[in-house]
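In what follows, a structure is listed as structure tokens, so that the remarks can point back to it.
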Amino acid sequence: MEAPGESRDAAASLRAAGAGPGSPVAVAWAPDGVGLAHEGTAVWQRGDGVAVVRRVLHELRPRLTWWSAADALPLLSGGVRVPSSWDVAATHRLVAGGSAGHPGTVWAAARGLAAGHLPRTGQLDLLGGLADGQGGHGHDDPVDAHDPVRPDGYLRPDWAETGPPDAVAAAAWARAALEVAAAHRAVLAALPDPRRDPPAPALAELTAWSESAAEVLAVELGETGLPVDRATALALVEERAGPRPADAAEAAATRAARDAEVRDLVRGAADVDLRNPAQVRDLLHRAGIDVPDTRSWRLEPFRTAHPVVDALLRWRKAERVATTYGYAWLDRHVGADGRLRGTWTGCDGAAGRMTASAGLHNLPAELRPAVAAEPGHVLVRADLGQVEPRVLAAVSGDQDLAAATAGPDLYAPVAGRLGCDRATAKIAVLAAMYGQTSGTAGEALAGLERAYPVAMDHLRAADASGRAGRHVRTYGGRLVRMWHLENPEPAAVSARGRFARNAVVQGAAAELFKMWAVTVRAALPPGAQVVLCLHDELLVHAPAAAADEVVALLHECLRRTAARWAAGSGVRLVADVSVVTRWSDAKG
DNA sequence: GATTTCACGTA
DNA sequence: CGTACGTGAAATCC
Numbered sequence: 000m001e002a003p004g005e006s007r008d009a010a011a012s013l014r015a016a017g018a019g020p021g022s023p024v025a026v027a028w029a030p031d032g033v034g035l036a037h038e039g040t041a042v043w044q045r046g047d048g049v050a051v052v053r054r055v056l057h058e059l060r061p062r063l064t065w066w067s068a069a070d071a072l073p074l075l076s077g078g079v080r081v082p083s084s085w086d087v088a089a090t091h092r093l094v095a096g097g098s099a100g101h102p103g104t105v106w107a108a109a110r111g112l113a114a115g116h117l118p119r120t121g122q123l124d125l126l127g128g129l130a131d132g133q134g135g136h137g138h139d140d141p142v143d144a145h146d147p148v149r150p151d152g153y154l155r156p157d158w159a160e161t162g163p164p165d166a167v168a169a170a171a172w173a174r175a176a177l178e179v180a181a182a183h184r185a186v187l188a189a190l191p192d193p194r195r196d197p198p199a200p201a202l203a204e205l206t207a208w209s210e211s212a213a214e215v216l217a218v219e220l221g222e223t224g225l226p227v228d229r230a231t232a233l234a235l236v237e238e239r240a241g242p243r244p245a246d247a248a249e250a251a252a253t254r255a256a257r258d259a260e261v262r263d264l265v266r267g268a269a270d271v272d273l274r275n276p277a278q279v280r281d282l283l284h285r286a287g288i289d290v291p292d293t294r295s296w297r298l299e300p301f302r303t304a305h306p307v308v309d310a311l312l313r314w315r316k317a318e319r320v321a322t323t324y325g326y327a328w329l330d331r332h333v334g335a336d337g338r339l340r341g342t343w344t345g346c347d348g349a350a351g352r353m354t355a356s357a358g359l360h361n362l363p364a365e366l367r368p369a370v371a372a373e374p375g376h377v378l379v380r381a382d383l384g385q386v387e388p389r390v391l392a393a394v395s396g397d398q399d400l401a402a403a404t405a406g407p408d409l410y411a412p413v414a415g416r417l418g419c420d421r422a423t424a425k426i427a428v429l430a431a432m433y434g435q436t437s438g439t440a441g442e443a444l445a446g447l448e449r450a451y452p453v454a455m456d457h458l459r460a461a462d463a464s465g466r467a468g469r470h471v472r473t474y475g476g477r478l479v480r481m482w483h484l485e486n487p488e489p490a491a492v493s494a495r496g497r498f499a500r501n502a503v504v505q506g507a508a509a510e511l512f513k514m515w516a517v518t519v520r521a522a523l524p525p526g527a528q529v530v531l532c533l534h535d536e537l538l539v540h541a542p543a544a545a546a547d548e549v550v551a552l553l554h555e556c557l558r559r560t561a562a563r564w565a566a567g568s569g570v571r572l573v574a575d576v577s578v579v580t581r582w583s584d585a586k587g
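Everything in the first sequence is counted per numbering that gives the first Met the number 0, starting at 0 for the first residue and increasing by one.
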């Protein structure tokens with residue numbers, strides 16, 4: 000491997016090395032410049048790294064590779080249109096499962112090195128030497144100050160922690176990312192394509208591209224934020240939690256008044272701490288209500304038994320807003336520009352859904368009127384209709400279930416086939432996908448087995464795999480790991496079965512959704528941005544004049560995504576799209 | 001001070 | 001009709 004070379008024109012150097020349209024070029028940033036790599040060639044250039052990459056993109060039209068989508072941030076901030084990219088961390092999560100993404104972990108996994116021996120920062124001197132020239136403590140292997148790999152094969156932890164120290168190191172760092180990407184491609188290429196009629200590229204590779212783009216979208220969502228009408232938000236909070244307290248004493252008084260509405264309904268309950276479940280249970284007991292715990296679904300049937308139950312449940316709702324979604328929450332997460340910002344991940348540790356902090360994914364419906372388009376703009380809200388049963392039809396290859404996706408409502412034809420009503424059919428399908436433990440879907444469930452044996456076998460196979468502790472792979476190739484059970488009690492074994500059964504459906508649905516979302520993102524007109532991803536729902540903030548265009552785009556992007564993702568399955572995927580001013584205006 | 005339990009919001 | 005996630009408060013464990 001050649002040492003990285005300095006370049007005055009990185010684009011020309013990369014072109015000389017064979018880079019061109021669509022070819023992989025890795026990027027790594029350093030404080031003093033940028034490193035770039037194509038195949039075995041690594042170059043570095045000092046100065047404005049963003050300008051260098053902008054020029055490389057313009058002249059070569061390559062596909063970028065990076066250790067993680069955090070490397071997209073300088074480009075996004077610099078207003079550079081980020082093209083399709085390959086995210087080494089995201090692809091690691093796809094091929095290996097889990098939520099890891101640190102370069103050291105990813106490198107070790109790709110090289111087959113034991114994760115238990117991963118070096119940490121500060122240990123480098125024990126294993127061969129330091130970059131600053133302090134000795135090797137008797138070891139024979141000299142450590143190249145610009146080699147990202149240590150003599151023992153692991154990646155140097157100091158660079159992984161803080162990034163390469165300079166542009167020379169960044170070039171080698173970029174080349175190392177390319178090496179991992181090549182290893183991942185080989186793993187993905189060996190996975191079978193589950194589609195009946197697979198067009199190129201193979202589904203697992205397509206998924207890797209999509210997941211990579213989803214990571215960029217996650218970074219972008221964290222920057223963009225969700226538009227919030229602060230006045231409405233404050234009004235909604237005030238209705239539920241009272242006026243904003245001026246000081247701690249006032250806050251305590253408001254709280255005490257709220258507590259009193261519940262305590263006053265039961266004799267001798269003046270000192271009960273309503274935030275303490277054990278004390279609440281005692282209070283209910285004094286009111287003649289005996290419950291094993293105080294969860295709201297358990298208390299619901301007792302709403303009419305004693306007024307304290309209704310008061311308590313209403314208190315809980317108000318308390319939720321006051322503590323979790325109150326003034327402190329608005330102060331912490333809504334910026335001066337009226338954008339609610341949280342931290343996004345492109346995939347969680349389990350089946351691969353996106354996650355978001357700052358309450359973005361669990362905002363109570365009653366606060367949704369506060370999510371509003373800015374002046375001159377609209378919110379285009381779109382969600383995938385009945386996505387999980389449609390996904391089940393696609394991933395299992397069940398032609399009869401696929402036939403049921405032809406219309407807008409999948410459950411009607413299923414009910415016809417089963418000879419039951421629609422509501423029963425819906426419960427049966429959901430019970431099959433999620434592995435019911437209670438309730439009475441019995442007869443309809445047996446009907447499903449007869450009518451759609453291919454889909455039901457697919458679910459049963461996943462369930463059996465989970466019970467046995469064998470990992471499963473989703474349709475797009477994501478490894479979903481099963482955990483070891485010290486003492487495999489039946490309850491734990493069947494919980495693992497339900498987890499696996501759910502993961503193959505939920506995980507595939509997440510892959511489909513992300514592919515749709517990133518296709519939409521790449522096609523949006525100027526001024527329009529994706530502002531929220533919610534598992535099967537997309538929210539786009541767009542100039543009012545572009546509303547119709549965005550609506551058409553959401554449908555068209557789903558058509559294009561389905562043509563690749565569900566090629567040959569005969570499954571129809573549908574989106575419900577509406578143009579609104581406030582999120583709450585859309586039907587849910 | 002860190003971890004666990006309970007509770008509850010979203011899909 | 002089950003899974004997943006993030007959150008806050010109180011209890012629990014050092």
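Cβ coordinates follow ideal geometry from the N, Cα and C atoms, glycine included. Since we're looking at a predicted model, the values are computed, not measured.
{"Check": "For a test of the three-state rule: what should DSSP assign to V370, helix, strand or coil?", "Outcome": "strand"}
{"Check": "Leaving aside the five residues before and after A304 along the sequence, list all residues of the same chain whose C-beta is less than 7 Å from its C-beta, in chain order.", "Outcome": "I288"}
{"Check": "Just the C-alpha distance for V42 and R194, rounded to the nearest angstrom, thanks.", "Outcome": "40 Å"}
{"Check": "What is the DSSP secondary structure of Q44, reduced to helix, strand or coil?", "Outcome": "strand"}
{"Check": "Provide the residue span of the beta strand (DSSP E) that contains A597, from first to last.", "Outcome": "The requested residue 597 does not occur in the structure, where the chain is confined to residues 0 to 587."}
{"Check": "Rounded to whole angstroms, what is the Cα-Cα separation between H470 and R297?", "Outcome": "35 Å"}
{"Check": "Can you check DSSP and say which residues form a bridge with Q528?", "Outcome": "H540"}
{"Check": "Enumerate in chain order the residues of its own chain whose CB-to-CB distance from Q122 is below 6 Å, with the five nearest sequence positions on each side excluded.", "Outcome": "The predicted position of Q122 is uncertain, since its pLDDT is 45 and thus under 50; no value can be drawn from it."}
{"Check": "Just checking, does the stretch 353–371 make contact with the stretch 224–231 on the three C-beta pairs under 8 Å criterion?", "Outcome": "yes"}
{"Check": "For the beta strand (DSSP E) holding G570, just list the boundary residues, first then last.", "Outcome": "It is Val, not Gly, that sits at residue 570 in the sequence shown. From DSSP, V570 is part of no beta strand (DSSP E); its letter is neither H nor E."}
{"Check": "Exposed or buried, which one is N501 when buried takes at least 16 other CB atoms within 10 Å?", "Outcome": "buried"}
{"Check": "Pair every Cβ in the stretch 210–224 with every Cβ in the stretch 345–355, then say whether three or more of these pairs are closer than 8 Å.", "Outcome": "yes"}
{"Check": "Drop a sphere of 10 angstroms on the beta-carbon of D86, count the other beta-carbons inside from all chains shown, and report buried for 16 or more, exposed for fewer.", "Outcome": "buried"}
{"Check": "Please say whether D397 and V320 have beta carbons closer to each other than 7 Å?", "Outcome": "no"}
{"Check": "Using three-state DSSP, classify L378 as helix, strand or coil.", "Outcome": "strand"}
{"Check": "According to the neighbour-count rule (16 or more other Cβ atoms, all chains shown, within 10 Å of its Cβ), is W482 buried or exposed?", "Outcome": "exposed"}
{"Check": "For a test of the three-state rule: what should DSSP assign to D139, helix, strand or coil?", "Outcome": "In this prediction, D139 has a pLDDT of 38, which is less than 50 and means its spatial position is unreliable; what the coordinates show is noted afterwards. DSSP places D139 in coil when its eight states are reduced to three."}
{"Check": "Report buried or exposed for D196, applying the criterion of at least 16 other Cβ atoms within 10 angstroms of its Cβ.", "Outcome": "exposed"}
{"Check": "Suppose you measure from the CA of R472 to the CA of R495; what does that come to, to the nearest Å?", "Outcome": "15 Å"}
{"Check": "State yes or no: is the C-beta of R571 within less than 7 Å of the C-beta of T404?", "Outcome": "yes"}
{"Check": "Which word fits S464, buried or exposed, when buried means at least 16 other C-beta atoms lie within 10 angstroms of its C-beta?", "Outcome": "buried"}
{"Check": "If we count the other Cβ atoms within 10 Å of its Cβ and call it buried at 16 or more, is H554 buried or exposed?", "Outcome": "exposed"}
{"Check": "Give the range of the alpha helix (DSSP H) segment to which P388 is assigned.", "Outcome": "V386 to S395"}
{"Check": "What does S76 pair with, by DSSP beta-bridge criteria?", "Outcome": "BP columns for S76 are empty, so no partner."}
{"Check": "If the criterion is Cβ atoms closer than 7 Å, does the pair R54 and D31 meet it?", "Outcome": "no"}
{"Check": "Please name the residue, chosen from R149, V271, A2 and D408, that lies closest to W106 on a Cα-to-Cα basis.", "Outcome": "R149"}
{"Check": "Output the distance between the C-alpha atoms of R302 and L283, rounded to the nearest integer angstrom.", "Outcome": "12 Å"}
{"Check": "Sorted by chain position, which residues of the same chain lie with C-beta nearer than 7 Å to V550's C-beta, five sequence neighbours on each side aside?", "Outcome": "V379, V576 and V578"}
{"Check": "With DSSP as the reference, please indicate the residues paired to T354 in a beta bridge.", "Outcome": "T344"}
{"Check": "Given A424, which residues of its chain have a CB within under 7 Å of its CB, disregarding the five upstream and five downstream residues?", "Outcome": "Y410, V413, A414, L417 and A443"}
{"Check": "Which word fits G267, buried or exposed, when buried means at least 16 other C-beta atoms lie within 10 angstroms of its C-beta?", "Outcome": "exposed"}
{"Check": "Short of 7 Å in beta carbon distance, which residues of its chain neighbour A95, apart from the five on each side in sequence? Order them along the chain.", "Outcome": "A108 and L478"}
{"Check": "Report yes if the CB atom of A508 is closer than 7 Å to the CB atom of V386, and no otherwise.", "Outcome": "yes"}
{"Check": "Do P524 and E485 have their C-beta atoms within less than 7 Å of each other?", "Outcome": "no"}
{"Check": "Leaving out five residues on either side along the sequence, give the residues of the same chain with a beta carbon under 7 Å from the beta carbon of V390.", "Outcome": "V504, A507, A508 and L511"}
{"Check": "When DSSP labels each residue in this structure, what does E249 get in the three-state scheme?", "Outcome": "helix"}
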